[in-house]
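Engineer: I am attaching a structure below and will ask some questions about it afterwards.
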Amino acid sequence: MSEIIKDIDTKLSENEKNKMLANRNRIRKIYWAMAEELRGWDIRSAFAGGAASAVVYVTFIKYISDRREQLGLRVSDLYRFDALCSLYPSVVDQRELCEYLGDVEEQLGFSHRLFQNFVSDITPKNMDAKFSSVLRLASDLDFSSKDITAIEVEELILIVEKLADLEGKTSGFSYTPSSIASLMGKICEVKDGMTIYDPCAGCGVSLVQATKGRKVEVFAQEQNSHIAAVLEMLLIMSGIREGVVRCDDSVWHPLTQTLDQKFDCVISEPPYMKPEIGYRTSIDEKLIDHVLYYPEQRIEDTWVFIRHIVASLKFGGKAAVLLPMSMLTREGASSASRQRMVKDGYIDSVIELPANVFSNRGIKTSILVLRKDEPARSVYMLDLSRGLWNEKLKEGEVGIAAIAEMVINHEVVTGISDIVKTDDIAANNYQLAVSRYVAQEIDVEQFITDSVKLYETAEQLESKFTRLCKEFREALEDYNGYCNQKKTD
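Throughout, the numbering used here is defined as the position within the sequence shown, counted from one, plus 1.
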């Protein structure tokens, strides 16, 4: 059950709760109908991000139409959604929508032409009929009240995740699942008034989930301009109006440098691939103080983003970074970065996630928690891969909050978590895989029971194998006898 429903649970009668659930199901069906109408190669050629970004785009048009007074927008009645459904594409086409959204973006204070670039690149050929149909479907969405808007945005996030899973790499979307993003936000203790930064924001799902219900300033950067536009739309629909969203390379042009600002909190999932070879050869003096240990340690692999994230934090700031497990054990540049960051006391915690936590990727991942504070002389290690995550996930937000509290308080549970001194990490060649430090507790009774079953199974298999060998020898003897008989005949 979502946070929204939980907040009002005690105030609603059973009948009202059923009505709310029915409304949620209705919203879900609308989004799915929109997605079904949009899926296909023609939409992928028109929209970076495929059906997912197209659904966000149409929903955003409906959102700003329904809430234009609350948003303080001064726009023509031509773009009221009911009028738009009738006028598209004969009177209002994508070109007019491009100008309209550019004006909206500027009025909302996000004046970096992301909407205009997004819409101007849409190829309307063979798409107008589908787009008209989706506009009519979206007319059943309702953003008139704050509570309903929150539910509709929540369901929109879920359909974006589902479409990204279904379309895989062809969608161009990479996202952090809502439950993981929520955990990262709670670990960072996101509060009203904070500044939140993500140098590799993607479509913004993780930022929306991590900052949900908080009045914060969000600063985000994404290298793909179309995905950056989707990010901006999702942030605006989630009620975030303060901050900056830009399309640029966060290694060479970080927001910390552009804005001359550092942040309270960073929540991010850096790209898993190594950067282009050009990253490794140039030294730009402007990056000093914006990338940790630069220029003496060159710019290479995923750890350069982590080094930038630490440099971007205010003193006392905190970051949660999602990484592939390999980055915690890999030799070379990764090892050098880990060694320096452990020695300097920036690493607060390492959380190992279950292998099946991501439906859209096949690699093991961990959350690295960083602090820019007094140097840490120990690292909290938590293993969620042994059943605790699935157990707590059943409790919803309450369970996720409980895990976050374990991390914040460095709670030690035998077989699940431990506090490891940095000297011990150094003795392990600065490897940060949780399994190296958190020994799994053995249930002796269960071990004996399992061992007895194993021996019984082994005896049964051995007996079966002996019988099969005997039958094979007998069959072989019969066959040889048959062959000899044929020769004499």
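Quick reminder that beta carbons are idealized off the backbone N, C-alpha and C, glycines included. The structure displayed is predicted, hence computed values, not measured ones.
Start and end of the alpha helix (DSSP H) containing LEU138?
Structural biologist: Taking the first residue of the sequence shown as 1, we reach residue 138 at position 137. First-last of the alpha helix (DSSP H) with LEU138: 129-139.
Engineer: Could you tell me which uninterrupted alpha helix (DSSP H) segments, each at least 4 residues in length, are contained entirely in the region 278-332, listed from first to last along the chain?
Structural biologist: As far as the region 278-332 is concerned, its whole alpha helix (DSSP H) runs of at least 4 residues are 304-313.
Engineer: Count Cβ pairs between the region 465-476 and the region 413-427 that sit closer than 8 Å; are there 3 or more?
Structural biologist: Touching, no, given that fewer than three Cβ pairs across the two stretches are closer than 8 Å.
Engineer: Of the residues LEU260, GLU162 and ALA130, which one's Cα is nearest the Cα of TYR198?
Structural biologist: Within the sequence shown, the letter at position 197 stands for residue 198. Looking at the Cα atoms, LEU260 is the closest of the given residues.
Engineer: Please report the Cβ distance between TYR64 and MET238, rounded to the nearest whole angstrom; I am assuming they are in contact, meaning their Cβ atoms lie under 8 Å.
Structural biologist: Walking along the sequence shown from the start, residue 64 turns up at place 63. Walking along the sequence shown from the start, residue 238 turns up at place 237. Contact holds; Cβ gap of about 5 Å.
Engineer: Could you check which residue in THR60, THR489 and VAL191 has the C-alpha nearest to that of ALA34?
Structural biologist: If you number the sequence shown from 1, residue 34 lands on position 33. Checked all of THR60, THR489 and VAL191; the closest Cα to ALA34 is THR60.
Engineer: In whole angstroms, what separates the C-alpha of HIS113 from that of GLU37?
Structural biologist: Taking the first residue of the sequence shown as 1, we reach residue 113 at position 112. Taking the first residue of the sequence shown as 1, we reach residue 37 at position 36. Each residue's alpha carbon lies about 31 Å from the other.
Engineer: For the beta strand (DSSP E) holding PHE264, just list the boundary residues, first then last.
Structural biologist: By one-based count along the sequence shown, residue 264 stands at place 263. That run of the beta strand (DSSP E) goes 264-269.
Engineer: At 3 residues or longer, and completely inside the region 369-446: list those beta strand (DSSP E) runs for me, N to C.
Structural biologist: Whole beta strand (DSSP E) segments, 3+ residues: 379-384 and 418-422.
Engineer: How far does the alpha helix (DSSP H) with GLN95 in it extend, from its first residue to its last?
Structural biologist: The sequence position of residue 95 within the sequence shown is 94, counting from 1. 95-108 is the span of the alpha helix (DSSP H), which, as asked, contains GLN95.
Engineer: Quick check on VAL92: buried or exposed, where buried means 16 or more other Cβ atoms within 10 Å of its Cβ?
Structural biologist: On the sequence shown, position 91 is the one that residue 92 refers to. It counts as exposed.
Engineer: Taking 8 Å as the threshold (beta carbon to beta carbon), is LEU72 in contact with chain C?
Structural biologist: Of the chains in the structure shown, none is chain C; there is only one protein chain.
Engineer: With burial defined as no fewer than 16 other Cβ atoms inside 10 Å of the residue's Cβ, what is the status of ARG27: buried or exposed?
Structural biologist: Walking along the sequence shown from the start, residue 27 turns up at place 26. The residue is exposed, with fewer than 16 neighbouring Cβ atoms inside 10 Å.
Engineer: If you draw a straight line from the C-alpha of SER350 to the C-alpha of ILE368, how long is it?
Structural biologist: The sequence position of residue 350 within the sequence shown is 349, counting from 1. The sequence position of residue 368 within the sequence shown is 367, counting from 1. When rounded, the distance between both Cα atoms is 8 Å.
Engineer: Leaving out five residues on either side along the sequence, give the residues of the same chain with a beta carbon under 7 Å from the beta carbon of GLU156.
Structural biologist: Counted from its first residue, the sequence shown places residue 156 at position 155. Closer than 7 Å at Cβ, skipping near neighbours: ARG25, ILE28, ARG29 and TYR32.
Engineer: Is the number of C-beta pairs between the region 95-103 and the region 251-271 that are closer than 8 Å three or more?
Structural biologist: The region 95-103 is not in contact with the region 251-271.
Engineer: With 16 as the cutoff for other CB atoms within 10 Å, does GLY51 come out buried or exposed?
Structural biologist: To locate residue 51, count along the sequence shown from 1; it is residue 50. By the neighbour-count rule (16 or more Cβ atoms within 10 Å), GLY51 is buried.
Engineer: At a cut of 8 Å, does the region 404-412 reach the region 176-191 through at least three beta carbon pairs?
Structural biologist: A contact exists between the region 404-412 and the region 176-191.
Engineer: Using the Cα positions of ILE62 and ASP166, report the straight-line distance between them to the nearest angstrom.
Structural biologist: Taking the first residue of the sequence shown as 1, we reach residue 62 at position 61. Taking the first residue of the sequence shown as 1, we reach residue 166 at position 165. Spanning the two alpha carbons is a distance of roughly 24 Å.
Engineer: State the CB to CB distance for the pair ASP250 and PHE144, rounded to an integer number of angstroms; the pair is presumed to be in contact (CB under 8 Å).
Structural biologist: As a position in the sequence shown, residue 250 is number 249, starting the count at 1. As a position in the sequence shown, residue 144 is number 143, starting the count at 1. In fact, because the Cβ distance is near 34 Å, the residues do not count as touching under 8 Å.
Engineer: For ALA377, which option in GLY346, GLY388 and ILE401 has the closest C-alpha, if you only look at C-alpha atoms?
Structural biologist: What you label residue 377 is simply residue 376 of the sequence shown in a count that begins at 1. Answer by Cα proximity: GLY346.
Engineer: Got a sec, what are the start and stop residues for the alpha helix (DSSP H) PHE116 sits in?
Structural biologist: For the purposes of this step, residue 116 is taken as the residue at position 115 of the sequence shown. Here the alpha helix (DSSP H) through PHE116 covers 115-121.
Engineer: For the beta strand (DSSP E) containing ALA356, name the first residue and the last one.
Structural biologist: For this step, residue 356 is matched to residue 355 along the sequence shown. ALA356 -> no beta strand (DSSP E), and no H or E assigned at all.
Engineer: Give the range of the beta strand (DSSP E) segment to which VAL246 is assigned.
Structural biologist: As a first step, residue 246 must be located in the sequence shown, where it is residue number 245. Segment 244-247, the beta strand (DSSP E) holding VAL246.
Engineer: Taking the alpha-carbon of ALA421 as reference, which of ARG437, LEU389, TYR381 and LYS454 has the nearest alpha-carbon?
Structural biologist: Within the sequence shown, numbered from 1, the residue matching residue 421 stands at position 420. According to the sequence provided, residue 421 is Val. The question's Ala does not apply to it. Minimum Cα distance to VAL421 is reached at TYR381.
Engineer: Can you give me the Cβ contacts of THR150 inside the same chain, cut-off strictly under 6 Å, excluding the 5 residues immediately before and after it?
Structural biologist: Taking the first residue of the sequence shown as 1, we reach residue 150 at position 149. PHE144, listed in sequence order.
Engineer: Beta-carbon within less than 7 Å of SER134's beta-carbon, same chain only, minus the 5 sequence neighbours each way: which residues are those?
Structural biologist: For the purposes of this step, residue 134 is taken as residue 133 along the sequence shown, with counting starting at 1. Cβ neighbours of SER134 beyond the five flanking positions: GLU38.
Engineer: SER464: buried (16+ other C-beta within 10 angstroms of its C-beta) or exposed?
Structural biologist: Translated into the one-based positions of the sequence shown, residue 464 becomes position 463. The residue in question, SER464, is exposed, as its Cβ has fewer than 16 Cβ neighbours within 10 Å.
Engineer: Flag this pair as touching only if the region 72-88 and the region 100-109 have three or more C-beta atom pairs under 8 Å; answer yes or no.
Structural biologist: Segments in contact, yes.
Engineer: Assuming contact is defined by CB atoms lying nearer than 8 Å, are ILE228 and CYS204 in contact in what I supplied?
Structural biologist: Along the sequence shown, one-based indexing puts residue 228 at 227. Along the sequence shown, one-based indexing puts residue 204 at 203. Yes, they are a contact pair.
Engineer: Residues in its own chain within less than 6 Å of THR303 by CB, not counting five upstream and five downstream?
Structural biologist: The residue labelled residue 303 in the question sits at position 302 within the sequence shown. Once the five neighbours on either side are set aside, the close Cβ partners of THR303 are PRO271 and MET328.
Engineer: Residues in its own chain within less than 8 Å of TYR431 by CB, not counting five upstream and five downstream?
Structural biologist: The sequence position of residue 431 within the sequence shown is 430, counting from 1. Closer than 8 Å at the Cβ level, and outside the excluded window around TYR431, lie SER336, ARG339, GLN340 and VAL343.
Engineer: So the candidates are ARG137, LYS213 and ALA230; which of them puts its Cα closest to the Cα of ILE123?
Structural biologist: As a working note, residue 123 is residue 122 in the sequence shown. Selected option, being the one with the closest Cα: ALA230.
Engineer: Short of 7 Å in beta carbon distance, which residues of its chain neighbour ALA211, apart from the five on each side in sequence? Order them along the chain.
Structural biologist: The count along the sequence shown starts at 1 and reaches residue 211 at position 210. Excluding sequence neighbours, ALA211 sits near ALA182, SER183, MET185, GLY186, VAL191 and ILE268.
Engineer: Can you tell me whether LYS393 is buried or exposed, with buried defined as 16 or more other CB within 10 angstroms of its CB?
Structural biologist: Within the sequence shown, numbered from 1, the residue matching residue 393 stands at position 392. Its Cβ being crowded by 16 or more others within 10 Å, LYS393 is buried.
Engineer: Since TYR64 sits in a beta bridge, which residues does DSSP pair it with?
Structural biologist: Position 63 of the sequence shown, counted from the first residue, corresponds to residue 64. According to DSSP, TYR64 bridges with nothing at all.
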